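See below for the structure under consideration.
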Amino acid sequence: MKRNPHLEPEITPYGNCPRCRELVLFGSTHCPYCDLELDQEEIFPSVIVNFVITQAISSANSIRTFDMGVIIFIGMIVSRYFVNYGLWVDIGLSSFWLLPLWMIVRWYFKHGRWEIDDEEYSHAKKEVRAGFMLWIGAHFFNAVVILYTHKATPLFPPLAPHM
Ligand SMILES: [Zn+2]
């Protein structure tokens with residue numbers, strides 16, 4: 011499967027030095043801060059934790075940039091007041107905006123379930139949750155406007171009766 015750069019951004023692997031806890035590039039022979047000789051097997055678990063956290067945060071930041079799109083989405087909803095798009099065009103345009111929501115749901119499945127006590131990670135989770143509420147709100151507003159605008163238009167017009 012193709013790698014999604016928003017969900018799986020490229021990460022340089024870092025571990026923590028067992029003595030001074032500073033971040034060290036995985037594969038380094040010595041800690042650049044305290045000069046301790048590094049045992050790769052010993053620092054490996056911290057490499058995994060750092061990788062998971064960094065990827066989750068980086069992915070969350072990337073996904074949050076889509077939140078700006080909500081302005082265009084709201085603009086489109088408001089423009090219905092002036093333009094009548096037709097019901098199916100409305101539904102088509104709206105489903106495009108499900109994409110950011112879909113990315114957020116995928117983020118949760120991929121990055122949202124770690125029990126890691128890290129301030130930045132908790133913050134990223136909160137930010138993604140805020141984005142989720144934002145898009146749910148926008149879609150709810152959109153659905154109400156569609157129903158209101160097209161309440162006179164049946165989704166499937168009844169067939170003409172046989173003569
Ligand atoms: Zn060190």
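This note's numbering numbers the first residue of the sequence shown as 11 and each following residue consecutively. Idealized CB from N, CA, C, for every residue including glycine. Fair warning: this is a prediction, and the values are worked out from it, not measured in the lab.
Span of the alpha helix (DSSP H) holding residue i?
| i | result |
| --- | --- |
| Val99 | Leu97 to Phe106 |
| Val138 | Glu129 to Thr159 |
| Val80 | Gly79 to Ser89 |
| Val59 | Gln50 to Arg74 |
In terms of residue numbering, what span does the beta strand (DSSP E) encompassing residue i cover?
| i | result |
| --- | --- |
| Tyr24 | Tyr24 to Asn26 |
| Val93 | That residue, Val93, is in no beta strand (DSSP E); it is neither H nor E in DSSP. |
| Leu46 | Counting along the chain, Leu46 falls outside any beta strand (DSSP E), and DSSP gives it neither H nor E. |
| Leu33 | Leu33 to Leu35 |
Among the candidates the options, whose CA atom is the shortest distance from the CA of residue i?
| i | options | result |
| --- | --- | --- |
| Phe151 | Glu52, Lys136, Ala134 and Phe83 | Phe83 |
| Ser105 | Ser89, Ile156 and Thr64 | Ile156 |
| Leu111 | Trp124, Leu144, Lys135 and Glu130 | Leu144 |
| Met78 | Thr159, Val154, Ala140 and His160 | Ala140 |
| Cys27 | Thr39, Gly147 and Thr75 | Thr39 |
| Tyr91 | Val115, Thr22, Thr159 and Cys30 | Thr159 |
| Lys161 | Leu17, Glu51, Ile73 and Asn94 | Asn94 |
| Glu137 | Val88, Ser69 and Leu97 | Ser69 |
| Arg29 | Glu20, Pro15, Ser56 and Pro23 | Ser56 |
| Ile114 | Ile146, Pro42, Ile101 and Ile58 | Ile146 |
| Phe142 | Pro19, Asp128, Ile87 and Gly122 | Gly122 |
Considering only the beta carbon of each residue, do residue i and residue j sit closer than 9 Å?
| i | j | result |
| --- | --- | --- |
| Asn71 | Gly25 | no |
| Leu103 | His149 | no |
| Ile63 | Leu17 | no |
| Ile53 | Val34 | yes |
| Ala66 | Ala134 | yes |
| Glu51 | Pro42 | no |
Just mark residue i as buried or exposed, buried being the case when its beta carbon has 16 or more other beta carbons within 10 Å.
| i | result |
| --- | --- |
| Tyr131 | buried |
| Leu48 | buried |
| Lys12 | exposed |
| Ile87 | buried |
For residue i and chain D, any beta-carbon pair shorter than 9 Å?
| i | result |
| --- | --- |
| Asp128 | In the structure shown, chain D does not exist; there is a single protein chain. |
Hey, would you say the C-beta of residue i is under 8 Å away from at least one heavy atom of ligand 1?
| i | result |
| --- | --- |
| Tyr118 | no |
| Leu35 | no |
| Glu52 | no |
| Glu32 | yes |
| Leu17 | no |
| Leu144 | no |
| Asp49 | no |
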